[in-house]
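In what follows, a single structure is set out as C-alpha cells and then discussed.
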Amino acid sequence: MRSIFELLCCLRCNSRHPARKSNVATIREILAYFDTATEDEHATINVFLYNTLINLMEMSQIEQATNRVRAPLMCPLIDRYALAELQTTIKSLVSARSYGAVQSLRMPQFSQLTSEPRVDANQPNLRREGSSNPLRYSLRECSQTQLELLLQLDCMKYWHEYLANTKLGCLPPLDLRDACTVSTGGCLRLASWNLNRFTLAKARHPGFREIVCLTILRANIALLVLQEIASLDVADMLCAELNSPMLPHVRQWVSQHPPSHVPRWCVATSNEATGAMFRGREYALFLFNTTAGIHIQRTGLLESSNASQSSKLFSRSPCSALCFVRSSRIILVSVHLKARGLRNSMIDRTVSEVEHLETLVQAFYDTQPVNTHLIIVGDFNLNPLHEAFDGLRRRGFLSVLDGSQSTTVSTTTSNTVPASSTINCPSSSCQTAYDNVWLSPGLTRGDNPSHLVDAFYTGSGGVIGEGLRHPLIPDDTGAGANGFVSDHCPIWFDLRIL
Numbered sequence: 001m002r003s004i005f006e007l008l009c010c011l012r013c014n015s016r017h018p019a020r021k022s023n024v025a026t027i028r029e030i031l032a033y034f035d036t037a038t039e040d041e042h043a044t045i046n047v048f049l050y051n052t053l054i055n056l057m058e059m060s061q062i063e064q065a066t067n068r069v070r071a072p073l074m075c076p077l078i079d080r081y082a083l084a085e086l087q088t089t090i091k092s093l094v095s096a097r098s099y100g101a102v103q104s105l106r107m108p109q110f111s112q113l114t115s116e117p118r119v120d121a122n123q124p125n126l127r128r129e130g131s132s133n134p135l136r137y138s139l140r141e142c143s144q145t146q147l148e149l150l151l152q153l154d155c156m157k158y159w160h161e162y163l164a165n166t167k168l169g170c171l172p173p174l175d176l177r178d179a180c181t182v183s184t185g186g187c188l189r190l191a192s193w194n195l196n197r198f199t200l201a202k203a204r205h206p207g208f209r210e211i212v213c214l215t216i217l218r219a220n221i222a223l224l225v226l227q228e229i230a231s232l233d234v235a236d237m238l239c240a241e242l243n244s245p246m247l248p249h250v251r252q253w254v255s256q257h258p259p260s261h262v263p264r265w266c267v268a269t270s271n272e273a274t275g276a277m278f279r280g281r282e283y284a285l286f287l288f289n290t291t292a293g294i295h296i297q298r299t300g301l302l303e304s305s306n307a308s309q310s311s312k313l314f315s316r317s318p319c320s321a322l323c324f325v326r327s328s329r330i331i332l333v334s335v336h337l338k339a340r341g342l343r344n345s346m347i348d349r350t351v352s353e354v355e356h357l358e359t360l361v362q363a364f365y366d367t368q369p370v371n372t373h374l375i376i377v378g379d380f381n382l383n384p385l386h387e388a389f390d391g392l393r394r395r396g397f398l399s400v401l402d403g404s405q406s407t408t409v410s411t412t413t414s415n416t417v418p419a420s421s422t423i424n425c426p427s428s429s430c431q432t433a434y435d436n437v438w439l440s441p442g443l444t445r446g447d448n449p450s451h452l453v454d455a456f457y458t459g460s461g462g463v464i465g466e467g468l469r470h471p472l473i474p475d476d477t478g479a480g481a482n483g484f485v486s487d488h489c490p491i492w493f494d495l496r497i498l
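Be aware that the sequence shown starts at 1, since it is given in the UniProt record's numbering, and climbs by one per residue.
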C-alpha cells in the first residue's frame, strides 16, 4: 500500500501523455486495494488521498509560473480518466466530512522520494489556520458542497484561483414577481435562454450545468427554449441532472423544495443545425417537464439546411415545435436572428429578418387549425419597440417584454449577484433588449370572453437577472472565477391553461 501511495504522490504536472497509462494503473491498484480494505483502512486511505490532492495542487502552482497559456476548462493536472477514478475513491471523504476526525488519524510515515513538499496530517503546519499557504488554507475551509463541485471539475490547475476569488454556496433565493405552479389547473411557466455557444464541455462542467438546472428549478420553469446549443448531447446531460440530481446545490434545492409530482424531463431538438455560430453549428433545444402535461410531438426547421445561403430569409433557420399542453395546441418557434454586428454594421439584415417573421405568421395561419396558438420566442437581436416589429403588431401579436429591460448581462459589474430580478435601462428603450416573446392574439386576454378558449397569457413575465454566476465558471478573461453562464439572461412568462 505504501509503495502505491508514494507512486501516486510522484505524479508529475508535466509529461501528461507519457504518464497516462501509469497514472491509470496506479489509481486502479489503489481502488482494488480500497475494495478489500477494512473500515479503519478506508478512513486512512481517505485522509491520505485528501492530503495528496493538496500536494498535487501545490505542485500545479509551480508549473503555473511557467505556463503562459490559460485554458481553465481543458487543463487537467493528471490524466482526466485517472482523475475520475480518484474522485470516486475520495467520495466517502466528501460525503462524511469531519475535520476533527481527519486530523485525529495518524498517517503512515513515508520515506522521502522527491524534493516536492510532502503533505502529512501530522505535520504541525497543516494544523495552522493561517494564510501562509492560501491554497492549503482554502481547501481546508472547503465545505462538503465545495469539495463535491471541485472534484467534478475536469481541471485541477486553477482551483486555487476559484477558491481565492469567491466562496461557493452563495446562491440567493430567486424571488419572482408571481408564484407559479405546474400542477394540473395551475399556471405554466415558459422561458427562453440564449446560452452563448453552450458546448458539451460546458454541459459537463459542474458550474455551468448547476446554474442552468438551478435556474429552471428555482424559477419553476416547465418548458425552456434554448438557443446557441453546440451539441445535441447537451440535452441528455441536462435532462439527467434534472431527473436524478447529482450536483450538490441541485440536490440541496430539490431536498428543500420537494416537487408535488416526480419530474420527468424530456427534450426535443432540431434534428439538423439551425445554422452556424462561432467555430461550430447551432441547434435549437426544447426542454420540458412532462409532469406538467406538456408533450412535444415533432420539431422542424422552417428553412431547409440544404438551401443556398443567398436564397435564405434567415441566417439561422427558425425551429418550430408542435406542443400540446393538456387541451391546448401550441406552435413554439425558436428564433436566433442575425446579430447587429459591430457598430450596427449588420442591422439592416437584422431588421430584414424581423420583417420576414410576418411571412412565418402567414404560413402559420394558412396551415394550422383555428384553435392553434403561435408563440415566437428567442433572441431577436432587436428592441421590440423597433418599427420592424410593426407587422407583428398589426396582426395582433403581443410582446411580453416592453423593451425597457436589458436581456444581457454585464461583465463589467462586480462579482456580486444583482439584487433585482429585472435589469432596467435608464431610458424607455433599451439597446440590449434582445430576447423576447411574441404571442398570437388567441393567447392575449382581452375584454372579449371568446379570447379565453383554452389558454391565455396571465400578464406575468420578465427577465431573470440574478443567480446567473457560479464560482467555478471562469470569468470573461478565462482565468478568474465567478463568471456568468451566458451573456444573455433567461426570460420567462406565464400561461394559464384551462
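Every residue gets a Cβ at the ideal spot worked out from N, C-alpha and C, and that includes glycine.
All figures in this text were calculated on a predicted structure; none of them were measured in a lab.
Residue i versus residue j: straight-line alpha-carbon distance, rounded
i, j, result
"Ala-240", "Leu-285", "15 Å"
"Tyr-457", "Gln-368", "20 Å"
"Asn-306", "Thr-350", "22 Å"
"Ser-328", "Arg-343", "43 Å"
"Cys-430", "Asn-383", "7 Å"
"His-373", "Pro-441", "8 Å"
"Ile-497", "Leu-188", "7 Å"
"Gly-467", "Asp-454", "34 Å"
"Gly-186", "Asn-371", "21 Å"
"Ser-345", "Ser-304", "27 Å"
"Arg-251", "Arg-394", "47 Å"
"Leu-443", "Tyr-434", "22 Å"
"Leu-495", "Leu-149", "35 Å"
"Ser-352", "Pro-263", "41 Å"
"Tyr-365", "Leu-357", "13 Å"
"Ser-255", "Ser-486", "27 Å"
"Val-417", "Ala-388", "Annotation note: pLDDT 33 at Val-417 (below 50); position unreliable, coordinate value reported separately. Near 34 Å, if we compare the C-alpha coordinates of Ala-388 and Val-417."
"Asp-390", "Ser-244", "45 Å"
"Ser-460", "Leu-439", "13 Å"
"Gly-396", "Leu-224", "24 Å"
Check whether residue i and residue j have beta carbons under 8 Å apart
i, j, result
"Glu-228", "His-386", "no"
"Val-333", "Ile-375", "yes"
"Asn-194", "Asp-475", "no"
"Thr-407", "His-488", "yes"
"Leu-398", "Val-361", "no"
"Met-277", "Arg-340", "no"
"Asn-289", "Trp-253", "no"
"Ala-191", "Ala-230", "no"
"Ala-222", "Ile-294", "yes"
"Ser-320", "Ile-331", "yes"
"Leu-287", "Asp-233", "no"
"Val-437", "Val-377", "yes"
"Arg-316", "Gly-280", "no"
In DSSP terms, what residue i is bridged to
i, result
"Ala-455", "Ile-497"
"Asn-436", "Gly-378"
"Tyr-283", "Ile-229"
"His-300", "First, the residue type needs correcting, since residue 300 is Gly and not His in the sequence shown. Beta-bridge pairing links Gly-300 to Ser-320."
"Thr-372", "Arg-329"
"Met-277", "Gly-280"
"Leu-188", "Leu-495"
"Gly-461", "Phe-493"
"Gln-252", "According to DSSP, which records beta bridges pairwise, Gln-252 is partnered with nothing at all."
"Cys-266", "Phe-288"
"Gln-362", "The partner list for Gln-362 (beta bridge, DSSP) is empty, contrary to what the question assumes."
"Ile-294", "Val-325"
"Leu-224", "Ala-191 and Leu-287"
From the options, residue whose alpha carbon lies closest to that of residue i
i, options, result
"Glu-272", "Trp-265, Phe-278 and Glu-282", "Glu-282"
"Thr-299", "Thr-269, Asn-289 and Thr-291", "Thr-269"
"Met-246", "Asn-220, Phe-278, Arg-264 and Arg-209", "Arg-209"
"Phe-484", "Ala-388, Arg-279, Val-377 and Ile-464", "Ile-464"
"Val-400", "Phe-198, Phe-493 and Arg-279", "Phe-493"
"His-205", "Leu-472, Asn-243, Ile-330 and Thr-274", "Leu-472"
"Ser-410", "Trp-438, Leu-200, Phe-364 and Asn-482", "Asn-482"
"Leu-301", "Asn-243, Gly-293 and Leu-322", "Leu-322"
"Ala-203", "Asp-236, Thr-215, Ile-216 and Phe-389", "Asp-236"
"Thr-291", "Leu-242, Asp-233, Ser-317 and Thr-444", "Leu-242"
"Arg-469", "Cys-213, Tyr-365 and Asp-233", "Cys-213"
"Ala-267", "Asp-366, Ile-347, Phe-364 and Leu-238", "Looking at the sequence itself, residue 267 is Val, so the reference to Ala does not match. Taking only the C-alpha atoms, the option nearest Val-267 is Leu-238."
"Asp-402", "Leu-357, Ser-486, Ile-491 and His-356", "Ile-491"
"His-249", "Ser-460, Gln-405, His-356 and Ile-216", "Ile-216"
"Ser-404", "Ile-347, Gly-462, Leu-439 and Ala-363", "Gly-462"
Minimum Cβ-Cβ distance from residue i to chain C less than 8 Å
i, result
"Phe-208", "Of the protein chains in this structure there is only one, and it is not chain C."
TODO: Report yes or no: do three or more beta-carbon pairs, one from the stretch 253-260 and one from the stretch 295-314, lie closer than 8 Å?
DONE: Proximity of the stretch 253-260 to the stretch 295-314 falls short of the contact definition, fewer than three beta-carbon pairs being nearer than 8 Å.
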